[in-house]
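Visitor: Protein chains in written order, with the working numbering: chain D, 74 to 835; chain G, 170 to 253; chain B, 1381 to 1536.
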Amino acid sequence: MSLDSHSSDPMNPGLVERKFKVIGSRVARPDGVDKVTGRARFGADASAPGQLVGLVLRSPHAHAQIVKIDTKAAEKLPGVKAVITSVDLPDYTNGDRSMLDILENCMARKKALYDGHAVAAVAAIDAATARKALALINVTYKILPHVTDVDEALKHTAPIIHDHIFTEGTPQKSEMPSNQNKHASYGHGDVEQGLKEADVVISRSFKTEQTHQGYIEPHSCLASVSPDGAAEMWVCTQGHFVYRNQCAILLGLDANKLRVTSSEIGGGFGGKTHIWAEPLALALSRKANRPVKLTMSREEVFRCTGPTSSTSIDVKLGVKKDGTITAAFAELRYHGGAFPSTWAELGAQTAFACYDLKNVQTISKDVVVNRPKTAAYRAPSAPMAAFAVENAMDEAAKAIGMDPLDFRIKNAAKEGTKSSYGPVYGPIGIGPTLMAAKNHPHMKAPLGKNQGRGVACGFWFNFGGQTCVDVNITPDGNVTIAQGTIDVGGSRASIAMAVAEELGVTYDHVRSTIADTSSLGHNDMTDGSRGTFSTSMAAIFATRNAITVLRNRAAKTWEINVDDVEWKDGSAHPIGKGHGNLAPLSLKDLAAGAGNTGGPIAGHAEITADNAGVSFGTHIADVETDPETGRSLIKRYTVIQDAGKAMHPSYVEGQYQGGAVQGIGWALNEEYVYGKDGRLQNAAFLDYRIPVCSDLPFIDTQILEIPNPNHPYGVRGVGETSIVPPLAAVSIAVTNSTGVRQTHIPMSPPRVLKSIQDAKAK
Amino acid sequence: MALSHIIHLWGALRPFADGAPTISVSASTIRELFRILTEKYPGMEPHIKRGVAVSINGQIYRDQWDTPLPQGAEIYLLQRIPGG
Amino acid sequence: MGVHVQTTINGDAVEFACGVDESLLDVLRNRVGLTGAKEGCGTGDCGACSVILDGRLVCSCLVLGAEMNGKSVETIEGMADGNVLHPLQQHFIDGAALQCGVCTPGFLMAAQALLRKNPDPTEEEIRFGLAGNLCRCTGYDKIVRAVQAAAKEMRG
Ligand code: FES
Ligand code: FES
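Here it is as structure tokens:
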């Protein structure tokens, strides 16, 4: 528990085995009371004097040339203070194509690329006037042929969406524009040879439909730009520093003059890692010279923000009768919406990552279609790949008469395995989660009529990234923390716990808040499960730096050498000969005397928390399917995942449960439905049905703690992996409950019914 | 004297090295590796600018360019991974 | 053009003027300054805007502000007794029944309405009682448990 001057570098992430006092307890979160009393302020809960209402006009067409936009009538309407089109957002991106894509997604330039694509925006004194103004904007479109399906988009006959996209990554340089923006391949060994050695070959094609992150809080921001170029923005986001940086580039502002304050965030799951309407609010405010509040409707959220890719995946497995996998192959086709992406490639990297394979190859095709630009959704791309691969594994095991869980255990990756995406693994946790599943009472529970059980595992990378933290000791001896990573699910509590632990004080003395972009250095987004992992690491280092200051102050007070001061249990203690009669100085004592020992006491840390360590989980699902209607209900569900060290177990369980239920919704109900006209048919929660309370049982969790050697407390990211196995686990369970292999997600009642009828007809 | 390493390239980088899956580079840190790559294979520069992750003995680094490349380490270049 | 309305909100007499097509949710948020009720959808599908109107749980986005004359509205802001949290509020915090917390005001109002009608609900009754409220973060596990714990405490 002590950190003395003789210990190594205070910024060394290396794990030291220790007994925790605060970490691992279930303290109350600092924002709890505000959130249960309605006082917490989310994106739409702020207002500014003189604010205008911003609204966006969106394309009703999936693909159309914008011939002309006439805004005159709208501008003349009394109460309208600004109308903008792409003309008001000139291209400042300086040849950076990916920034230009972001700009073009925020506001269509020459073409509308999907139903819901912004084409103009207004700011008016109230919502009614703004709505009238939108109706007065006259856009002349020339409708172009569209394509919304990932496989259709790859056909020769498909309309080409962008003539600047040529397939990248093919062995031969492509000469013609294409809807495939990227081709990639991963793997090792010789798949052809492996298939020849197999006793059984499994070959299947799978499809998954597009889903939305479905956060309950729509996007909202309040922007204010002054004529001198200084600007402020209040916004719900997973990364206010990144929003600041990107908006500054797109509007030609200096980043230091744009101060972004993050609101409480009502869910994001990846969907609030991208800017959408924020540049429009800023541009409207700049033009009107008044604050503009722009809040999306739920329909807009569905039509133009965040969805994940729909996919089409082929898998081939070769296995020997003894359970050895001789070959594994997958081709994965994912779309990025109307803009180039690398989602398929990410699927190709993760697809077989749970397994130890001699011959493996994955091919990815990233595709553009006339749908909204897809955003990351919790472990992006991995759930669909796991769905396809795990079903093939299940089928292979059954084909050779082996228990599917034993088959996975036999083939699981381990330390020294060459991963399917390239590198050799260090110590990893897939084996322990599979063994925990095998020994879990859930596996032995009997199943009823029309019920089936499915087990599946999943992998996610996790990462760290840029993070900085300030720890300040207040004059009364308490502690404030300024963190720059957004708290999406209780991380402020975990960060305060880490600082309390390190400092040797109790949790109630420490409080963490999210600093605005002018009060702290750059921080990356809260994504990639990095929030608690990287911020706690920075907070621990900042605290160690503060402790160095505290020891110095004690040394000054006692007029002894700093090497003779030790920090222990929240106080400075003299060590060494001759200082035995000096009473320890508490944090409170040192804070009170700070003015006379050198001024305020603080510690800072700026880090790049690389090396987060990969993550694995195994899920068990029991499902009951009504053979008459095809409707499936989850009867029991268990999540097993490695957390490294669970800082606040309640919030780790919460991440496991929340991710599992999002995956269950994806598996059973959720999908974007596009009509022949290329328009989204179900942009509302009524028709896009996310799971409700009565659809579900309690979600059991088992937290494994295999310490991460690269974090001082052994912490691993936990936020994302929990959404990877459910599509697979639930579909295998439905396969078992119906006796028909399920290959198309979501398994909505009509789709399952049809699969049963088709199987009977054969 | 920097040590010579075998660098494994992911698919998208191979065309810039005439399709080779691995190349040999003498570098002692990620920064030096990237500098040499952009000199020898200018086509890789846009990728490196967009972000390349480096796996060193199975540990993935995205940002810390000071990270040393130890002798005999297994080094993979991977596309930079986004999250949700 | 506006309609003048006299109503009771959380026990206080409140007067406001609003447009004929303005929802109670808009009135609460934009005219009365109570932003605890949230707009998740505006179409009655998410429950984030739940309030109790004359003892009945409603989606305030589906009710017109102009029709509030003489009615009594309870919102999340009136749930605590002074500075003492309601047992439901306390158990939501203690049981980690919120992650982002944007659904929380709606769930607390729905749970309040449920427990008034049925102080000793089964797990199933709780699940159906809260089925009009969407939460995307928690998977509902800890929400159901927090309601069970609060109900137990309230029964004494
Ligand atoms: S906002 Fe009223 S139900 Fe969603
Ligand atoms: S806690 Fe985020 S929606 Fe319920």
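Think of the CB as a built atom: it goes at the ideal place given N, C-alpha and C, for glycine as much as any other residue.
#1: Taking its Cβ as the centre, do 16 or more other Cβ atoms sit within 10 Å of T110 (chain D), making it buried, or is it exposed?
#2: For H79 (chain D), which residues of its own chain have a beta-carbon under 7 Å away from its beta-carbon, when the five flanking residues on both sides are left out?
#3: Could you tell me the boundaries of the beta strand (DSSP E) in which H174 (chain G) lies?
#4: Tell me which residues of the stretch 1507 to 1534 of chain B have at least one Cβ-Cβ distance to chain D shorter than 9 Å, keeping chain order.
#5: Tell me whether the beta-carbon of A611 (chain D) lies closer than 8 Å to the beta-carbon of T586 (chain D).
#6: Determine the closest residue to A401 (chain D) out of D:G410, D:D429, D:N551, with distance taken between C-alpha atoms.
#7: By Cβ distance, which residues of its chain are closer than 8 Å to L1444 (chain B), with the 5 residues on each side in sequence left out?
#8: Mind checking if C1426 (chain B) is an interface residue toward chain D, Cβ cutoff 8 Å exclusive?
#9: Do G340 (chain D) and ligand 2 come close, with the Cβ less than 7 Å from some heavy atom?
#10: Among residues of its own chain, excluding the 5 on either side of L759 (chain D), which ones have a beta-carbon nearer than 6 Å to its beta-carbon?
#11: Under three-state DSSP, which class holds S276 (chain D)?
#12: By alpha-carbon positions, which one of D:C294, D:V765, D:L326, D:Q124 ends up nearest to M351 (chain D)?
#13: Give the DSSP-derived three-state secondary structure of N484 (chain D) in the structure shown.
#14: Which residue from D:P700, D:A619, D:V220, D:L150 puts its Cα closest to that of R824 (chain D)?
#15: With a threshold of 8 Å, are at least 3 pairs of Cβ atoms found where one atom belongs to the stretch 332 to 350 of chain D and the other to the stretch 246 to 261 of chain D?
#16: Rounded to whole angstroms, what is the Cα-Cα separation between A664 (chain D) and D581 (chain D)?
#17: Under 9 Å between beta-carbons, which chain B residues line up against K330 (chain D)? List them in chain order, please.
#18: Report the neighbours of D232 (chain G) on chain D: residues whose CB is nearer than 7 Å to its CB, in chain order.
#19: Are there three or more Cβ pairs, one per stretch, closer than 8 Å when the stretch 613 to 626 of chain D is compared with the stretch 673 to 687 of chain D?
#20: Which residues bound the alpha helix (DSSP H) around E305 (chain D)?
#21: Using a beta-carbon distance cut-off of less than 8 Å, what residues from the stretch 481 to 507 of chain D approach chain G?
#22: When we look at the beta-carbon of V160 (chain D) and count the other beta-carbons within 10 Å, is it buried (16 or more) or exposed?
#23: Report yes if the CB atom of I1456 (chain B) is closer than 8 Å to the CB atom of V106 (chain D), and no otherwise.
#24: Out of curiosity, what's the CA-to-CA distance linking R249 (chain G) and A181 (chain G)?
#25: For W852 (chain D), name the three-state secondary structure that DSSP assigns.
#26: Counting C-beta neighbours from all protein chains within 10 Å, is the total for H1384 (chain B) 16 or more, i.e. buried, or is it exposed?
#27: For F1432 (chain B), which residues in chain D fall below 8 Å Cβ to Cβ?
#28: Examine the Cβ distances between the stretch 525 to 545 of chain D and the stretch 683 to 696 of chain D and report whether three or more of them are shorter than 8 Å.
#29: Which residues bound the alpha helix (DSSP H) around E1395 (chain B)?
#30: Which term fits L76 (chain D), buried or exposed, when burial requires 16 or more other beta carbons within 10 angstroms of its beta carbon?
#31: Measuring alpha carbon to alpha carbon, tell me which residue in D:G474, D:K833, D:Y214, D:V442 is nearest P133 (chain D).
#32: DSSP three-state label for L324 (chain D), please.
#33: Is it buried or exposed for Q775 (chain D), if we count other Cβ within 10 angstroms and need 16 for buried?
#34: Just to confirm, does G1481 (chain B) get its C-beta within under 7 Å of one of the non-hydrogen atoms of ligand 2?
#35: Tell me, please, whether the CB atom of L769 (chain D) is closer than 8 Å to any CB atom in chain B?
#36: With burial defined as no fewer than 16 other Cβ atoms inside 10 Å of the residue's Cβ, what is the status of M74 (chain D): buried or exposed?
Guide: Checking against the coordinates, here is how it stands:
#1: Taking the first sequence and counting its residues from 1, one reaches residue 110 (chain D) at position 37. T110 (chain D) comes out buried.
#2: Within the first sequence, the letter at position 6 stands for residue 79 (chain D). The predicted model places H79 (chain D) with a pLDDT of 35, which falls under 50 and marks its position as unreliable; any figure quoted below should be read in that light. Excluding residues within five positions, none has a Cβ falling inside 7 Å.
#3: The count along the second sequence starts at 1 and reaches residue 174 (chain G) at position 5. Start and end: 173 to 177.
#4: Cβ contacts with chain D: R1507, F1508, G1509, L1510, A1511, G1512, N1513, L1514, C1515, R1516, C1517, T1518, G1519, Y1520, D1521, K1522, I1523, V1524, R1525.
#5: Taking the first residue of the first sequence as position 1, residue 611 (chain D) is located at position 538. Taking the first residue of the first sequence as position 1, residue 586 (chain D) is located at position 513. No, these two residues do not count as a Cβ contact at 8 Å.
#6: Walking along the first sequence from the start, residue 401 (chain D) turns up at place 328. Nearest C-alpha to A401 (chain D): D:D429.
#7: Your numbering for residue 1444 (chain B) matches position 64 in the third sequence. Here the set comprises V1400, D1401, E1402, S1403, L1404.
#8: As a position in the third sequence, residue 1426 (chain B) is number 46, starting the count at 1. Judged by the 8 Å Cβ criterion, C1426 (chain B) is in contact with chain D.
#9: The count along the first sequence starts at 1 and reaches residue 340 (chain D) at position 267. G340 (chain D): yes, Cβ under 7 Å from ligand 2.
#10: Within the first sequence, residue 759 (chain D) is the residue found at index 686, counting from 1. So the list is empty, once near-sequence residues are dropped.
#11: If you number the first sequence from 1, residue 276 (chain D) lands on position 203. Reduced to three states, the DSSP call for S276 (chain D) is strand.
#12: On the first sequence, residue 351 (chain D) is found 278 positions in, with the first residue counted as 1. The sequence given here places Glu at residue 351 (chain D); Met does not occur at that position. The shortest C-alpha separation from E351 (chain D) is found at D:C294.
#13: As a first step, residue 484 (chain D) is located in the first sequence; it is residue number 411 there, counting from the start. DSSP places N484 (chain D) within a helical segment (H, G or I) once states are collapsed to three.
#14: Position 751 of the first sequence, counted from the start, is the residue given in the question as residue 824 (chain D). Comparing Cα positions, the closest option is D:P700.
#15: no
#16: Walking along the first sequence from the start, residue 664 (chain D) turns up at place 591. Walking along the first sequence from the start, residue 581 (chain D) turns up at place 508. So the two alpha carbons sit approximately 17 Å from each other.
#17: Along the first sequence, read from residue 1 onward, the residue named residue 330 (chain D) stands at position 257. By Cβ distance, chain B contributes nothing, its closest Cβ being about 29 Å from K330 (chain D), past 9 Å.
#18: Stepping through the second sequence from its first residue, residue 232 (chain G) is reached at position 63. Under the 7 Å cutoff, chain D gives G538, Q539, T681, D683.
#19: Output reads yes: the stretch 673 to 687 of chain D touches the stretch 613 to 626 of chain D.
#20: For the purposes of this step, residue 305 (chain D) is taken as the residue at position 232 of the first sequence. Membership of E305 (chain D) in any alpha helix (DSSP H) is not indicated; the residue belongs instead to the beta strand (DSSP E) covering 304 to 308.
#21: S492, Y494, G495, P496, V497, Y498, G499
#22: Here the question's residue 160 (chain D) lines up with position 87 in the first sequence. Counting Cβ neighbours within 10 Å, V160 (chain D) comes out exposed, since fewer than 16 surround it.
#23: Residue numbering aside, residue 1456 (chain B) sits at position 76 when the third sequence is read from its first letter. Residue numbering aside, residue 106 (chain D) sits at position 33 when the first sequence is read from its first letter. Not in contact: I1456 (chain B) and V106 (chain D) (Cβ atoms no closer than 8 Å).
#24: Residue numbering aside, residue 249 (chain G) sits at position 80 when the second sequence is read from its first letter. Residue numbering aside, residue 181 (chain G) sits at position 12 when the second sequence is read from its first letter. When the Cα atoms are used, R249 (chain G) and A181 (chain G) turn out to be separated by approximately 12 Å.
#25: Past the edges of chain D, shown from 74 to 835, lies residue 852 (chain D), and the structure says nothing about it.
#26: As a working mapping, residue 1384 (chain B) is identified with position 4 in the third sequence. Label assigned to H1384 (chain B): exposed.
#27: Locating residue 1432 (chain B) in the third sequence gives position 52, where the first residue counts as 1. According to the sequence provided, residue 1432 (chain B) is Ile. The question's Phe does not apply to it. What I1432 (chain B) touches in chain D: nothing, since even the nearest Cβ is about 13 Å away.
#28: yes
#29: One-based indexing of the third sequence puts residue 1395 (chain B) at position 15. Element bounds for E1395 (chain B): not the alpha helix (DSSP H) but the beta strand (DSSP E), 1392 to 1398.
#30: Taking the first residue of the first sequence as 1, we reach residue 76 (chain D) at position 3. In this predicted model, L76 (chain D) has a pLDDT of only 35, less than 50, meaning its place in the structure is not dependable; the value taken from the coordinates is given anyway. It is buried - the Cβ of L76 (chain D) has at least 16 other Cβ atoms within 10 Å.
#31: Position 60 of the first sequence, counted from the start, is the residue given in the question as residue 133 (chain D). P133 (chain D) has its Cα closest to that of D:Y214, out of D:G474, D:K833, D:Y214, D:V442.
#32: Position 251 of the first sequence holds residue 324 (chain D). In the structure shown, L324 (chain D) sits in a helix (DSSP, three-state: H, G or I).
#33: Residue 775 (chain D) sits at position 702 when you count from the first residue of the first sequence. Buried: at least 16 other Cβ atoms inside 10 Å.
#34: Your numbering for residue 1481 (chain B) matches position 101 in the third sequence. Yes, Cβ of G1481 (chain B) sits closer than 7 Å to a heavy atom of ligand 2.
#35: Locating residue 769 (chain D) in the first sequence gives position 696, counting from the first residue. Output row for L769 (chain D): interface = yes.
#36: Within the first sequence, the letter at position 1 stands for residue 74 (chain D). With a pLDDT of 31 at M74 (chain D), under the threshold of 50, the modelled position of that residue is not reliable, and the figure given next carries that caveat. That one is exposed.
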